[in-house]
Amino acid sequence: MGYRACKYAFDLIGKSDRMLVVASNENCGNDAVKVLLNCSKEAGTLIILAAQRQSLSFYNYEEDEGVSLILNPVIGKQFSSDRNQDIQEIMNLPDNVLFIVEPFEPGMEK
Numbered sequence: 009m010g011y012r013a014c015k016y017a018f019d020l021i022g023k024s025d026r027m028l029v030v031a032s033n034e035n036c037g038n039d040a041v042k043v044l045l046n047c048s049k050e051a052g053t054l055i056i057l058a059a060q061r062q063s064l065s066f067y068n069y070e071e072d073e074g075v076s077l078i079l080n081p082v083i084g085k086q087f088s089s090d091r092n093q094d095i096q097e098i099m100n101l102p103d104n105v106l107f108i109v110e111p112f113e114p115g116m117e118k
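Our numbering numbers the first residue of the sequence shown as 9 and each following residue consecutively.
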């Protein structure tokens, strides 16, 4: 999910060296954020919450734009016991089906 969310966020708000990412929880999707955006908890550019939903929020300071990408809960309920099949299906879904898009700006995560 992290890779797909990063790529979709780039399409929506652009990519810059000045990005903030807020992850709803600690998971492997955050690794994509660290690699693709060079964001980290240590640098204060990756904030990790302890929320129930699966989401990543991105803010591009250079463009003054932000977006929250929330994993569509309908998609999450459709997962089978075959992890490889689920991954293939997720990778083939259109971004606007996989994610619910909401506006985001720093401070909204509190």
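Ideal placement from N, C-alpha and C gives every residue a C-beta, glycine not left out.
In this text, all values refer to a predicted model and were calculated from it rather than measured experimentally.
Check                                                                                                                                                                                           : Outcome
Should Val43 and Ala31 be called a contact, given that it needs their Cβ atoms to be closer than 9 Å?                                                                                           : no
Starting from Tyr16, follow the beta strand (DSSP E) in both directions and report where the run begins and ends.                                                                               : Where Tyr16 is concerned, there is no enclosing beta strand (DSSP E), although the alpha helix (DSSP H) it sits in stretches over Gly10 to Ile21.
Can you name, in chain order, every residue of its own chain whose Cβ lies under 7 Å from the Cβ of Lys23, other than the five neighbours on each side?                                         : none
Arg12 and Asp103 look like a contact to me (Cβ under 8 Å); what is the Cβ gap, rounded to whole Å?                                                                                              : 7 Å
Taking the straight line between their C-alpha atoms, what separation do you get for Gln86 and Met99?                                                                                           : 14 Å
Could you tell me which uninterrupted alpha helix (DSSP H) segments, each at least 4 residues in length, are contained entirely in the region 21-92, listed from first to last along the chain? : 37-45 and 81-85
If you compare alpha carbons, which of Leu54, Asn46 and Arg61 is closest to Ile108?                                                                                                             : Arg61
When you compare each of Asp90, Ile55, Ile83 and Asn92 to Pro114 by their alpha carbons, which one comes out closest?                                                                           : Ile55
Looking at Ile83 and Leu57, is the spacing between their C-beta atoms short of 9 Å?                                                                                                             : no
Given Glu70, which residues of its chain have a CB within under 6 Å of its CB, disregarding the five upstream and five downstream residues?                                                     : Ser24 and Arg26
Tell me whether Met116 is buried or exposed, calling it buried when 16 or more other Cβ atoms sit within 10 Å of its Cβ.                                                                        : exposed
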